[in-house]
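So the structure is just underneath, and the comments pick up after that.
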Amino acid sequence: MEVSVDRALCYGSAECAHRAPDVFAFEDGYGVVRPGGVRAVGDPRIREAVLEAAEKCPSQAVVLREQGAAPREAAAAPERRGRPATSR
Numbered sequence: 196m197e198v199s200v201d202r203a204l205c206y207g208s209a210e211c212a213h214r215a216p217d218v219f220a221f222e223d224g225y226g227v228v229r230p231g232g233v234r235a236v237g238d239p240r241i242r243e244a245v246l247e248a249a250e251k252c253p254s255q256a257v258v259l260r261e262q263g264a265a266p267r268e269a270a271a272a273p274e275r276r277g278r279p280a281t282s283r
């Protein structure tokens, strides 16, 4: 799983760092992925914490991608930017 934080969306709630401190940190007012943090996602407990962090992020800035897949939040992105989401 690839994990990142979209700095354009993050507004610094620190939910990610609170929920998955092995993977995320809070630096300069933004959530960031810790160096080497993505490797920790192989642990099922940490993976669950990362999924929860992405779900609970109030700005939906945590981006999760399985190897070879589209970003998890891609379907919600148009709505977050003020455009209505289209149904599929």
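Numbering (this note's numbering), first residue to last: 196 to 283. Built from N, CA and C at the ideal position, the CB exists for glycine as well.
Nearest C-alpha to L246 among V218, G224, S208, E222: V218. Only residues of its own chain outside the window of five on either side were considered, and among them A209, A212 have a CB closer than 6 Å to the CB of F221, listed in chain order. Residue environment for R202: exposed (fewer than 16 other C-beta atoms within 10 angstroms of its C-beta). For L246, the enclosing alpha helix (DSSP H) has its first and last residue at 239-251.
Nearest in C-alpha terms to Y206, of all of L259, V258, S254, R260, is S254.
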